[in-house]
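In what follows, a single structure is set out as structure tokens and then discussed.
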Amino acid sequence: MVTSRSESVLAGLARLGFDDPRRALGLLEDRVLEAVIRSREAIEDDGLARALVDTADPDQALLGAVRLAEAAGAAPDEDLSELIVDTLRDGGAGRRRLLRVMGSSVALTDHLVAHPSHVRDLLAATWIDVEDRTARLTAPVLAAQAGHTGPAAEDVLRIEYRRQLVGIAALDLESDIPTDVVHRVAAALADLAQAALGAAHDLAVAMLGARSGATRLAVIAMGKTGGRELNYISDVDVIFACEPAEGHDEAEALAVGGDLATSIMRLCSAVTPAGSLWQVDPALRPEGKQGPLVRTVVSHRTYYERWAKTWEFQALLKARFVAGDAGVGHDYLEAVRPFVWTAAGRDNFVADAQAMRRRVEDHVPPAEADRQIKLGKGGLRDVEFSVQLLQLVHGRTDDSLRSGSTLPALEALSRGGYVGREDAAALATAYRLLRTLEHRIQLQRMRRTHLMPTGAADLRRLGRALGHRTDPGAQVVKQWKATAREVRHLHERIFYRPLLAAVARLSESDVRLTPEAAQARLTALGFRDPKGAFRHLQALTEGVSRRAAIQRHLLPAMLSWFADEADPDAGLLAFRKISDELGSTHWYLRLLRDEGSAAERLAHVLGRSRFAADLLEQAPESVQFLGESGGVQPRSRAEIFQRMQSAARRQESLDDAVLAARRIRRTELFRIAVADLEGKLTLHALGVALSDLAEALMEVALDATIRAHELRTGQDLTTRLLVVGMGRLGGREIGYGSDADVLFVHEPVDGAPEQQAQDEALEVVREFIRVLGLSGPDPKLEVDAALRPEGKNGPLVRSLASYATYYERWSLVWEAQALLRARPVAGDAELAARWVALVDPIRWPEGGLDAGQVREIRTLKARMEAERLPRGADRKTHFKLGHGGLSDVEWSAQLIQLRHAHAHPDLRTTSTLGALEAAARLDLVSAQDAAELRSAWTLASRLRNAGLLNRGRPLDALPSDVRDAEGIVRVLRRPAGTGQELEEEYRRVTRHARAAYDRVFFGG
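Quick note on this note's numbering: the sequence shown kicks off at 19 and runs consecutively.
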């Protein structure tokens, strides 16, 4: 019968967090706890029940307390029974330790029940050094071996090991923030493993007797034992090295050493009545499981010199002597450590290490992949591999990185600037949490596992162990998954950063950048002024600041990237200017070090393009594009216009408004230039991007000019305005150095006096041209209205009616030709539609051209060739006016349009190449001629763009300077040394195009 008192206690136990309150009540009323429970009428404020709430599993801890009390009561040591009762009853730190151990580990509870006297060790546990641990473990083991009474020495080894393990667990579990002590726990567990190996070695020697004197055997710990970051239950990785003792030969020493090593492994790994420790795994030895178990130091060194693979050098990073002959251990480490810190210079070292990490992931069973704390994505291996790769690459020249332990190494990497402070802190925090999860999962049953549990009870216990009290199972899974996501993100960014592979390929002297080595390397790399370049290096790297440290990591690799370009001196100078401007910002150097290929991309851009470098020097913050996904993808006209308009409307004056928009144009020009330099834009896409950018600026400038006029006059403008793009702008084919050829059109609003509308339109247009021509943050957009009716002698702006009258009465055939590429680009949309309707019949004349008009166009072309070619220019190499150049192609296409577009709508395009393609489809020009003309136009356009990108100023003809030619071929992403082939190619292509031009333009 359940009494009201029992119901009250049951409810209280449920509220306290017991999973099975009825069973808990029964255990609390067990007779063995009579001396512990003062009152059974209610839950005591400071009693056992409330103390159990502080454990990971109150039910499990309570059961353990009952079992331990029973075991102590049955023990002959009455003081022990009294100690356990007092501990459970009186509270304090001792009770907290004991209950937390039992609430976290069934396996350690079983051990305490079997060896209740070890409770004393649990209560008295402190952090001790490895020498003390070894002495406490070895003495009773050797005593058991010598005494021939009591438990066997192998059993004593296990019992004493567990005695110390219980103490370590108590120190671990008494912390309310377990991640704060996880590194100390891992080190203590490694020390305990070292002590066990030492005891096993000494026991093996004693068991072998006099024969053991033939060899000097050293046990080298690897992996987590070597790094002093072991978990509770794990294989202990070792390598054995030996040397002959005095008076014995090598063969005998190896045979005896093999016997000792085998015995050590058996003593630790075998299951005895007292249980087992862990498996000793010697698989990291040379040749793995196929190689001899024991080798001499010389044999080890020979193997690593000749046959070792990349992963074996990475494994040696954690090698540490732990047992046996210290002299041999020292000699072994001295022999192999140089291989560790030169391994990064091996061919494909970084790629091999990255491939190895992928193989580790691939070998995780699919059923475990989503539960792996150690090997899966975002697991411990992601942190460890990232840290180790950075150590091996940069540790060649920085001794501070040469640590076998993950957290100290990560701290050193952060301190040295190899990893960002925030990234290092995030990785360290994540690593501590993952190791804590691993520890808590293993502690429960002392089983080797790295999987997140799936059972509700196990997840609840794990969550409570990490401090979660509300829905602990769900909360711990959420915490783990968030951590794994962050680790994976950081791992992918750090482990696969291109800078690592670039630095690894450098020699040690190149990485160190000493003054002598630096100047020699600068000369060898092709810097024309190595002394000047070295001054830039000194300015960037001098001092002890974090900024200088990061530059010292970046520059050895970046020098090679600068040297890949035609003008590495200019690239380094530009980099210095940008670094001087941005070096103190929190994101700049972190971007170059951490974000993908940002540093390499920047070096190539600066060394390849004076134009892009000038833009970046004016707006250095644009370097962020290089680290963003899609950062150099040209933006749409609508997006650019919106940003420009927002910036302009925040300004008070017209000049400031347009300059604000032009600052955005500068940024976008850099974005486009980088995309072009990286080969991400076709010529057509480049023309569209540059045209969209110019149009957005003109739209914003026109709007700002009109608003300024209306603000000044106090009344609305009496006319609507339109800007019409002509030439390459109209065809959306402009290059970096193109002017903006335009016409200006206006149309008075209803009832407005025509002269007033004309005067206002002229005033607005003049202001529009002025503000776009101001010196500013971007290259000037030169507005050229020379293609207007009557040319420079005609009005700058006309009304739509005036255009209609002019075209009806006086227009010449060249003006119809100019209109072929006319396209509204800014201003009033309705006026644009009416203007297009006006000019379409003029540029697509019904019936085409008569013979006289065709002759007129041909005469105009011949006169232009004769008169407009600059003095001294070569007709065979001038991009625009030379034979087979841009003009030949464009006039050929335009003549076809004027003659046939009335009958073939496909020809009604403002695009030169679009017109040629349509003409070829319609058989108005042969496919071969169209291809020749297209090739010449494309090559000339690309060369003109490449010349400006490279030199930062327009290039109208093939360069005569070999350096300029080399710079152009680099911009075109062609192999170095092919600059001299450029002229031959251009002459060949334009020669074919000139022949096609003769057939197309003068045929028919």
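Cβ atoms here follow ideal geometry from the backbone N, Cα and C, with glycine treated the same way.
Cross-strand partners of residue i (DSSP beta bridge)
i: residue 737; result: 766
i: residue 724; result: Answer is none; residue 724 lacks a bridge partner.
i: residue 842; result: 742
i: residue 759; result: 802
i: residue 92; result: In the DSSP output, where bridge partners are listed per residue, residue 92 has none listed.
i: residue 299; result: 255
i: residue 235; result: 260
i: residue 975; result: 896
i: residue 917; result: Answer is none; residue 917 lacks a bridge partner.
i: residue 338; result: 239
i: residue 390; result: 469
Separation of residue j from residue i, as counted between CA atoms
i: residue 19; j: residue 78; result: Residue confidence for residue 19 is low, a pLDDT of 38 falling below 50, so the modelled location carries little weight and cannot support an answer.
i: residue 651; j: residue 689; result: 7 Å
i: residue 574; j: residue 521; result: 7 Å
i: residue 463; j: residue 148; result: 26 Å
i: residue 267; j: residue 222; result: 21 Å
i: residue 948; j: residue 604; result: 54 Å
i: residue 871; j: residue 1018; result: 16 Å
i: residue 31; j: residue 45; result: 12 Å
i: residue 849; j: residue 738; result: 7 Å
i: residue 708; j: residue 746; result: 11 Å
i: residue 544; j: residue 993; result: 16 Å
i: residue 918; j: residue 836; result: 16 Å
i: residue 509; j: residue 396; result: 8 Å
i: residue 70; j: residue 561; result: 57 Å
i: residue 383; j: residue 469; result: 12 Å
i: residue 892; j: residue 769; result: 56 Å
i: residue 73; j: residue 110; result: 14 Å
i: residue 409; j: residue 212; result: 25 Å
i: residue 420; j: residue 359; result: 9 Å
i: residue 494; j: residue 356; result: 43 Å
i: residue 668; j: residue 674; result: 9 Å
i: residue 868; j: residue 886; result: 27 Å
i: residue 634; j: residue 641; result: 7 Å
i: residue 145; j: residue 139; result: 12 Å
Given residue i as reference, the closest of the options once Cα atoms are compared
i: residue 418; options: 168, 285, 436; result: 436
i: residue 175; options: 190, 154, 835, 449; result: 154
i: residue 775; options: 53, 67, 789, 734; result: 734
i: residue 646; options: 511, 723, 706; result: 511
i: residue 124; options: 889, 479, 720, 818; result: 479
i: residue 275; options: 127, 287, 262; result: 262
i: residue 988; options: 1011, 1006, 963, 1005; result: 963
i: residue 695; options: 742, 682, 715, 631; result: 631
i: residue 865; options: 886, 819, 981, 920; result: 920
i: residue 691; options: 655, 740, 727, 626; result: 626
i: residue 721; options: 740, 706, 703, 711; result: 740
i: residue 613; options: 441, 598, 128, 743; result: 441
i: residue 291; options: 841, 743, 701, 177; result: 177
Inter-residue CB distance, residue i and residue j (contact presumed, cutoff 8 Å)
i: residue 394; j: residue 387; result: 6 Å
i: residue 551; j: residue 540; result: 5 Å
i: residue 567; j: residue 438; result: Between residue 438 and residue 567 the Cβ distance is about 12 Å, and since that is not below 8 Å, they are no contact.
i: residue 974; j: residue 898; result: 7 Å
i: residue 106; j: residue 115; result: Not confirmed; about 12 Å, so no contact.
i: residue 244; j: residue 338; result: 4 Å
i: residue 446; j: residue 414; result: That belief does not hold up - the Cβ atoms of residue 446 and residue 414 are roughly 24 Å apart, past 8 Å.
i: residue 585; j: residue 985; result: 6 Å
Give, in chain order, every unbroken run of the alpha helix (DSSP H) that is at least 4 residues long and sits entirely within the segment 405-431.
none
Identify every run of the alpha helix (DSSP H) within the segment 118-179, keeping only runs that are complete inside it and at least 4 residues long; order them along the chain.
124-132, 136-142, 148-165
With a floor of 4 residues, list each alpha helix (DSSP H) that falls wholly inside the segment 531-617, ordered by position along the chain.
Correct list: 533-543, 548-559, 564-581, 586-600, 606-612.
Report the start-end ranges of each alpha helix (DSSP H) in the segment 826-887 that is 4 residues or longer and not cut off at the edges.
831-837, 847-861, 869-886
Contained alpha helix (DSSP H) runs [length at least 4] in the segment 443-511, N- to C-terminal order
474-483
Can you list the alpha helix (DSSP H) stretches of 4 or more residues lying completely in the segment 47-110, in chain order?
66-70, 76-92, 96-108
Unbroken stretches of the alpha helix (DSSP H), 4 residues or longer, contained in the segment 664-715:
You should have 672-695.
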